[in-house]
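See structure below.
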Amino acid sequence: MIRQLDFYGYPYVGIYATNTEDYIVVPPDLPEQVVGEAAEALGVEVIRTLINESTLIGSMMTGNSNGFIVSDLALDREVAVLEKSLPVARLKGKMTASGNIILANDTAALVHPALTDRHIEVIKKTLKVDVRRGTIGGLKTVGMAGVATNKGLLVHPRATEEELSVLEDLFRLPVDIGTVSFGSPLVGSAILANTKGLVTGTRTSGPELGRIEDALQLGE
Numbered sequence: 007m008i009r010q011l012d013f014y015g016y017p018y019v020g021i022y023a024t025n026t027e028d029y030i031v032v033p034p035d036l037p038e039q040v041v042g043e044a045a046e047a048l049g050v051e052v053i054r055t056l057i058n059e060s061t062l063i064g065s066m067m068t069g070n071s072n073g074f075i076v077s078d079l080a081l082d083r084e085v086a087v088l089e090k091s092l093p094v095a096r097l098k099g100k101m102t103a104s105g106n107i108i109l110a111n112d113t114a115a116l117v118h119p120a121l122t123d124r125h126i127e128v129i130k131k132t133l134k135v136d137v138r139r140g141t142i143g144g145l146k147t148v149g150m151a152g153v154a155t156n157k158g159l160l161v162h163p164r165a166t167e168e169e170l171s172v173l174e175d176l177f178r179l180p181v182d183i184g185t186v187s188f189g190s191p192l193v194g195s196a197i198l199a200n201t202k203g204l205v206t207g208t209r210t211s212g213p214e215l216g217r218i219e220d221a222l223q224l225g226e
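Mapping of the sequence shown onto the numbering used here: position 218 corresponds to residue 224, and the numbering continues sequentially without gaps.
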């Protein structure tokens, strides 16, 4: 199922929320109707929390079917909410925006080149995935430069042949390039997706939507 929705009046659904095959994590004050439509499109249960008292959930955390990785700034009570559903690990250090710096599905993760071996061990252990450092379109914020499901990946239109090759080898899935919100290359900022559905902002055009559907093999 595909839905075009805005969160707080903005098309950047991937900044305000994150999702897995089973859950969508959203801020507590996001309207029930909007959250309900998003959850229905993705076929998931809803978890409501803040991360470090911020509504920027999609920037501050990421996850897959095996666990969640959150900012080291996440409060204990916020982590406790998430732990009711899946194991949670904090990513310690200066880089607190876990959702911005990790691109993951249920089998693999591409991460910011500056993450340490210890960071990678935490990600590998929590998400139970193969992990590799890299960039997309020269950007180190790979979580916002791409979207990965268990069927396919859509990434920044300036991704190089070498970067695309690394992604295909790591995820063992087809990878395509595209944009959202009428030309934005940061596809992770305005897409929530899994194998069951897609939520993107209302500014995403018809041609962009078609490219996203094809890349993520929705409906196949």
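C-beta atoms are modelled at their ideal positions from N, C-alpha and C, and glycine is treated no differently.
Closest by C-alpha distance to residue i, when choosing among the options
i, options, result
"E174", "V31, L92 and L160", "L160"
"R9", "A221, T113 and T208", "T208"
"E168", "G64, G158, I57 and V181", "V181"
"L179", "F74, G158, I107 and I57", "G158"
"T26", "L224, V87, R83 and F74", "F74"
"H118", "T141, S190 and L11", "T141"
"H162", "G194, S187, V137 and N156", "G194"
"L97", "A86, D12, T132 and E89", "T132"
"A199", "Y29, Y16 and Y14", "Y29"
"V94", "V76, R139 and F188", "V76"
Environment of residue i [buried if 16+ CB atoms lie within 10 Å]
i, result
"T55", "buried"
"P213", "exposed"
"A120", "exposed"
"M101", "buried"
"R164", "exposed"
"A154", "buried"
"G184", "buried"
Whole-Å CB distance - residue i paired with residue j, under 8 Å assumed
i, j, result
"Y18", "A151", "Contact doesn't hold; Cβ gap of about 14 Å is too wide."
"V85", "A115", "Contact flag wrong, Cβ pair sits at about 20 Å."
Where in the stretch 108-174 do unbroken runs of the alpha helix (DSSP H), each at least 4 residues long, occur, reported from the N-terminal end onward?
If we require 4 residues or more, the alpha helix (DSSP H) runs fully inside the stretch 108-174 come out as 123-133 and 148-151.
Practice item. Within the stretch 26-81, note down every full alpha helix (DSSP H) run reaching 4 residues or more, in order along the chain. Key: Here the runs fully enclosed are 38-48 and 63-66.
Taking one C-beta from the stretch 31-48 and one from the stretch 198-205 each time, how about it: are there three or more such pairs within less than 8 Å? Under the Cβ criterion (8 Å, minimum of three pairs), the stretch 31-48 counts as touching the stretch 198-205.
### Task
Count the CB pairs spanning the stretch 62-74 and the stretch 109-118 that are closer than 8 Å, and state whether there are at least three.
The stretch 62-74, when compared against the stretch 109-118, does touch it at the 8 Å Cβ threshold.
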